[in-house]
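Asker: Residue numbering for the sequence shown follows the numbering used here, beginning at 882 and increasing consecutively. Note that beta-carbon positions come from the ideal geometry of N, C-alpha and C, so glycine has one too. Quick one: the structure is below, questions incoming.
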Amino acid sequence: MTQWTAVEGQAFTDILYDRTEGIARISINRPHVHNAFRPETLVEVMKALRHARFDPEIGVVILTGVGGKAFCSGGDQRVRGDDGGYKDEEGVHHLNALDLQREIRTCPKPIVAMVAGWAIGGGNVLQLLCDLTIAADNARFGQTGPRVGSFDAGFGAGILARTIGVKKAKEVWFLCRQYDAQQALEMGWINTVVPLERLEEETVAWCRQMLTLSPTALRVLKAAFNADSDGAAGIQELAGNATALFYMTEEGQEGRDAFLEKRAPDFSRFRRRP
Ligand SMILES: CC(C)(COP(=O)(O)OP(=O)(O)OC[C@H]1O[C@@H](n2cnc3c(N)ncnc32)[C@H](O)[C@@H]1OP(=O)(O)O)[C@@H](O)C(=O)NCCC(=O)NCCSC(=O)c1cc(O)c2ccccc2c1O
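Pasting the structure below:
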């Protein structure tokens, strides 16, 4: 059994945020609605995710749901308003699931979805956008949008099509069927399926394996996998890694030093590589 410790100084109402060596775990904690999210839930997930991103001791993040019956059932339909989004406690309408989707893709650390039970609607999109998905044998996946008067025509359609193929993605969205973990595995929708009682052990094992590997290599690879589908923003993310690495070289530092020392830069000692 993994020992998890609540992250200090981080108080939340809709999520749990804890950690074990090198791994942060963010759990949506609304099991009474199968972990459906409201705007406040997503604000909290983003806050925890940013905290994990900036914690140098964390190398991998797990996103999951409390209770064993659901990862997440998407937007909480009880707070879906008539003014273009989900209503927060102040009455402001949001579609801030889209903000979280982008943050999952731009977080430079691998994010693993640990899925037990339902991953439906916006909940399926969240697990889809995580870098890896470990599912329990009770997991069920699907989209409900056309049934409940919604659609995710961004990552929810496009990345699903890239992941399982266009025909299958259209089937998922056009028919609103549900798929069990084995079917999802066969489609390449998820990475592996394990018995529910082994879900955490298996997920942590995958995370620990990534923790033994080069964080820079994983970071650049993550950006590379997203670059083309994220367009200019994806190239920006990938290119930012090149700039960061260049800043760590003597060649990059020569330009900065020359400016600060008010002299012409001397790049002559740096090779023009083939
Ligand atoms: C997930 C289910 C298939 C499970 O069915 P089951 O029969 O096992 O359980 P119940 O239906 O009895 O559910 C138990 C309990 O939970 C409540 N509940 C479940 N899901 C939600 C939900 N999403 N919102 C509110 N409440 C929920 C349910 O009412 C029960 O409560 P009781 O008080 O009656 O006990 C089934 O529950 C189901 O189909 N759920 C709805 C799934 C769904 O349609 N989700 C929303 C899809 S749209 C979406 O998520 C979405 C969000 C965004 O932020 C977007 C942003 C931008 C673009 C698109 C977006 C988008 O599409």
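Just verifying my parser: in three-state terms, what is the DSSP assignment at Q884?
Answerer: In the structure shown, Q884 sits in coil (DSSP, three-state: anything other than H, G, I, E or B).
Asker: On the CB-based measure, 16 or more other CB atoms within 10 Å of its CB, does G1002 come out buried or exposed?
Answerer: Answer is buried; the Cβ neighbour count reaches 16.
Asker: Compare the beta carbon distance of A1016 and A951 with 8 Å and say whether it is the shorter of the two.
Answerer: Taking 8 Å as the Cβ cut-off, A1016 and A951 do not qualify as a contacting pair.
Asker: Per DSSP, T1073 forms a beta bridge with which residues?
Answerer: Bridge partners of T1073: I1015.
Asker: Throw me the rounded Cβ distance for the G949 and A997 pair, which I believe falls under 8 Å.
Answerer: The Cβ separation is near 5 Å, so the contact holds.
Asker: Look up A1050 in the DSSP assignment and give the residues it is bridged to.
Answerer: None; A1050 has no bridge partner.
Asker: Just tell me which of G940, V924, Y1128 and D963 has its CA closest to the CA of I904.
Answerer: It is G940.
Asker: Determine the direct distance from the alpha carbon of L1141 to that of Q1134, and round the result to whole angstroms.
Answerer: The straight-line gap from Cα to Cα measures roughly 11 Å.
Asker: For R1154, which option in G1136, E1132, A1000 and D1111 has the closest C-alpha, if you only look at C-alpha atoms?
Answerer: When only C-alpha atoms are compared, the closest one is E1132.
Asker: Identify, in the order they occur along the chain, each residue of the same chain with its Cβ nearer than 7 Å to the Cβ of N1019, setting aside the five sequence neighbours on each side.
Answerer: Answer for N1019: A997, G998 and L1077, listed in chain order.
Asker: Return helix, strand or coil for L944, following the three-state DSSP convention.
Answerer: Strand.
Asker: Roughly how many angstroms lie between the CA atoms of L1166 and D936, to the nearest whole one?
Answerer: Residue 1166 cannot be examined here, being either before or after the span of the chain that is shown, 882 to 1155.
Asker: With 8 Å set as the bound, which would you pick, yes or no: does the beta-carbon of A1020 sit closer than that to a beta-carbon of chain C?
Answerer: Protein chain content of the structure displayed is limited to a single chain, and chain C is not contained in it.
Asker: Could you tell me whether any non-hydrogen atom of ligand 3 is closer than 7 Å to the CB of Y1060?
Answerer: Because ligand 3 does not appear in the structure shown, any question about it cannot be addressed here, the ligands present being ligand 1.
Asker: Is it the case that the CB of D963 approaches a heavy atom of ligand 1 more closely than 7 Å?
Answerer: Every heavy atom of ligand 1 is 7 Å or more from the Cβ of D963, so no.
Asker: Do N910 and S954 have their C-beta atoms within less than 8 Å of each other?
Answerer: No, these two residues do not count as a Cβ contact at 8 Å.
Asker: Alpha carbons only, please: which of A887, E970, G966 and Q958 is nearest the one belonging to H932?
Answerer: Nearest C-alpha to H932: A887.
Asker: Given a cut-off of 8 Å on the beta-carbon distance, is the pair V960 and R919 in contact?
Answerer: Cβ distance < 8 Å, so V960 and R919 count as in contact.
Asker: Applying the 10 Å Cβ sphere with the 16-neighbour rule, what's the burial state of Y967?
Answerer: Classification for Y967: buried.
Asker: Tell me the DSSP bridge mates of S823?
Answerer: Because the chain in this structure spans residues 882 to 1155, residue 823 falls outside the shown range and cannot be described.
Asker: May I ask which residues mark the beginning and end of the beta strand (DSSP E) holding A951?
Answerer: Per DSSP, A951 belongs to the beta strand (DSSP E) from A951 to C953.
Asker: Please confirm whether F893 and E925 have their CB atoms less than 8 Å apart.
Answerer: Their beta carbons are under 8 Å apart, which means F893 touches E925 by this criterion.
Asker: Compare the Cα-Cα distances from F1036 to each of L944, H913, Q1063 and G1004 and report the closest residue.
Answerer: Ranking the options by Cα distance to F1036, first place goes to G1004.
Asker: For the beta strand (DSSP E) holding V993, just list the boundary residues, first then last.
Answerer: I992 to V996 is the extent of the beta strand (DSSP E) around V993.
Asker: DSSP three-state call for A929: helix, strand or coil?
Answerer: It is helical.
Asker: Whole angstroms is fine: what's the gap from S1149's alpha carbon to N1122's?
Answerer: Going from the Cα of S1149 to the Cα of N1122 covers about 25 Å.
Asker: What distance in whole Å lies between the Cβ atoms of W1054 and G1030, which are believed to be in contact at a cut-off of 8 Å?
Answerer: At roughly 14 Å, the Cβ-Cβ gap does not stay under 8 Å, so G1030 and W1054 are not in contact.
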